[in-house]
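Below you'll find the structure, written out as structure tokens, and then a few comments.
There are 2 protein chains.
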Amino acid sequence: MNIQPLFDYIKPLMDLTAEEEALLASKVTYRKYLKGQYVVQQGDICKYECFVISGCTKTFYLDTEGQEHVIMFAIENWWTADMGSFISQTPADYNVQCLENTELILFSYENLELLYKKIPKLERLFRQIVERAFVASQKRIVRNFSLSAKDRYLYFKNQYPQIEERIPQYLVASFLGITKEFLSKIKSQLATEN
Amino acid sequence: MNIQPLFDYIKPLMDLTAEEEALLASKVTYRKYLKGQYVVQQGDICKYECFVISGCTKTFYLDTEGQEHVIMFAIENWWTADMGSFISQTPADYNVQCLENTELILFSYENLELLYKKIPKLERLFRQIVERAFVASQKRIVRNFSLSAKDRYLYFKNQYPQIEERIPQYLVASFLGITKEFLSKIKSQLATEN
DNA sequence: CGTCTATTTGAATGTACTCAAAAGCGGTGG
DNA sequence: CCACCGCTTTTGAGTACATTCAAATAGACG
């Protein structure tokens with residue numbers, strides 16, 4: 001049990017007093033997951049916003065044909081959840097599953113509300129975090145529209161080398177919105193080019 | 195000058211005292227734009243978060259080939275801005291332009307910060323607004339991956355009939371990530387089907 | 001070493017794009 | 001009132017990017 005990485009993450013964004021840190025620590029849950037375990041399942045209510053201490057998760061959606069679409073990955077110092085489900089406490093559209101053994105800090109809905117009350121500046125912190133997530137999400141929409149599959153792959157590889165290295169290629173393909181076969185062809189094409 | 199729609203929008207989300215309403219009113223700017231005018235231009239710093247009282251705006255991006263990609267529309271009771279630019283006060287990636295004569299309520303960066311200080315629960319309100327925007331953005335990514343152009347169009351038409359009716363079709367096409375020609379073909383196909 | 005999963009390769013196909021031209025439509029001026 | 005202009009939409013032919021399906025190959029792990 002080590003939630004220090006959470007404080008290290010918060011520190012540059014916001015100052016917390018020792019009491020506030022203690023309160024925060026008392027209202028979150030540290031939990032280990034094994035590779036393959038689900039943090040959230042489609043149809044369940046997403047009970048937690050999660051901060052990743054170590055490991056890696058994927059968030060994905062199963063469409064009506066059973067096709068899996070990876071929406072996001074999360075690694076050390078990232079947040080994950082099905083936010084739509086969490087904020088309205090309604091059934092989740094997405095699954096969050098661990099791709100490695102993973103350590104998470106869980107913020108339950110009730111405790112997060114309580115923390116917002118007791119430490120109002122957390123409201124500010126989370127506003128800023130979500131603002132950045134929203135901006136990143138919009139940028140991804142733009143990339144999906146304006147870049148070819150090849151360029152989206154190169155962008156991903158360049159931006160998130162530490163993710164590309166540790167997850168299977170078919171998940172990268174799904175994240176990029178292409179088939180695993182086509183990503184394979186893109187890679188072999190890139191290899192011959194140089 | 196009528197900012198009542200803003201208060202009507204806020205009321206179901208949060209209670210404001212008369213003093214708070216007055217303070218808020220004193221720290222925002224009401225402004226009319228003509229059809230075609232820019233609210234934000236690519237390269238400028240986005241000075242305001244904008245609440246739409248009336249009219250309609252498009253947010254778009256010009257890629258390296260000069261191709262326009264519509265990222266979002268905003269109509270009555272929606273928010274618009276280049277949030278990435280606004281939150282970090284750096285040059286904007288996107289343009290926001292009025293598609294009709296438009297009335298906006300402008301929140302400047304400084305005044306919004308001041309309002310957050312004086313009315314901390316506004317921090318909560320904006321957090322919740324951005325959370326919902328983020329969720330919507332993620333859902334759009336999922337739709338772009340899992341639906342065909344035809345189904346994306348049908349979804350858009352169904353969800354936002356009041357937008358589809360009042361804007362030219364080539365902008366709808368751009369928003370959906372397809373060419374205007376292809377959207378035209380989709381529509382004629384739908385017409386023959388029934 | 002064998003099994004299971006992930007990746008690669010190839011051929012046929014499909015969805016959406018490009019380019020070019022024609023048709024529709026709204027406003028303006030002769 | 002009609003003719004013309006600019007802009008939007010439609011139509012068609014040819015093309016490109018990405019998919020599907022099937023089979024072969026490579027890698028990981030017990």
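Residue numbers (this note's numbering), protein chains in the order written: chain R, 1 to 194; chain S, 195 to 388. For glycine and all other residues, C-beta sits at the position ideal for the given N, C-alpha and C.
- Distances from the alpha-carbon of S148 (chain R) to those of R:L106, R:F134, R:L176 and R:Q97 put R:L176 closest.
- Listed by position along chain R, the residues whose Cβ is nearer than 7 Å to that of D257 (chain S) are S146.
- Among the residues of the stretch 25-43 of chain R, none has a Cβ less than 8 Å away from any Cβ of chain S.
- With respect to the 8 Å criterion, F280 (chain S) and Y303 (chain S) are classified as neighbours on the basis of their beta carbons.
- Counting along the chain, I105 (chain R) sits inside the beta strand (DSSP E) bounded by residues T102 to S108.
- Rounded to whole angstroms, the gap between the alpha carbons of G36 (chain R) and A74 (chain R) is 14 Å.
- The closest CA to that of N271 (chain S), considering only S:R346, S:L365, S:Y227 and S:D202, is found on S:D202.
- Fewer than three beta-carbon pairs drawn from the stretch 144-162 of chain R and the stretch 300-315 of chain S are found closer than 8 Å, and the two stretches are therefore not classed as touching.
- If you look at Y38 (chain R), you'll find it in the beta strand (DSSP E) that goes Y38 to V40.
- Approximately 4 Å separates the beta-carbon atoms of V135 (chain R) and G278 (chain S); this is inside 8 Å, confirming the contact.
- When only Cα atoms are considered, N95 (chain R) and Q41 (chain R) end up about 4 Å apart.
- Between C98 (chain R) and D82 (chain R), the alpha-carbon positions lie close to 14 Å from each other.
- Buried is the label assigned to E297 (chain S), since at least 16 other Cβ atoms lie within 10 Å of its Cβ.
- For the 8 Å CB-CB criterion, E325 (chain S) and V130 (chain R) form a contact.
- Within the stretch 95-121 of chain R, the residues whose Cβ lies closer than 9 Å to any Cβ of chain S are, in chain order, Y116, P120 and K121.
- Of the residues R:A25, R:P12, R:T17 and R:T80, the one whose Cα lies closest to the Cα of V39 (chain R) is R:T80.
- In the DSSP assignment, Q97 (chain R) forms a beta bridge with R:Y38 and R:K58.
- Per DSSP, the continuous beta strand (DSSP E) segment holding Y33 (chain R) begins and ends at T29 to Y33.
- Counting only Cβ-Cβ distances below 9 Å, I281 (chain S) has contacts in chain R at Q128, E131, R132 and V135, in chain order.
- Contact note: I197 (chain S) does not reach chain R at a C-beta cutoff of 7 Å; the least C-beta distance is about 22 Å.
- Residue environment: K11 (chain R) is assigned as exposed (fewer than 16 neighbouring CB atoms within 10 Å of its CB, all protein chains considered).
- In the three-state reduction of the DSSP assignment, T192 (chain R) falls in the helix class.
- Taking each of S:L319, S:K344, S:Y310 and S:I335 in turn and checking the Cα distance to I380 (chain S), the smallest one comes out for S:K344.
- DSSP lists R:I45 as the beta-bridge partner residues of P91 (chain R).
- The residues H263, in chain order, have a CB closer than 7 Å to that of D257 (chain S) in the same chain once the five nearest residues on each side in sequence are set aside.
- Taking a Cβ-Cβ cut-off of 7 Å, E76 (chain R) has no neighbours in chain S, whose nearest Cβ is about 21 Å from it.
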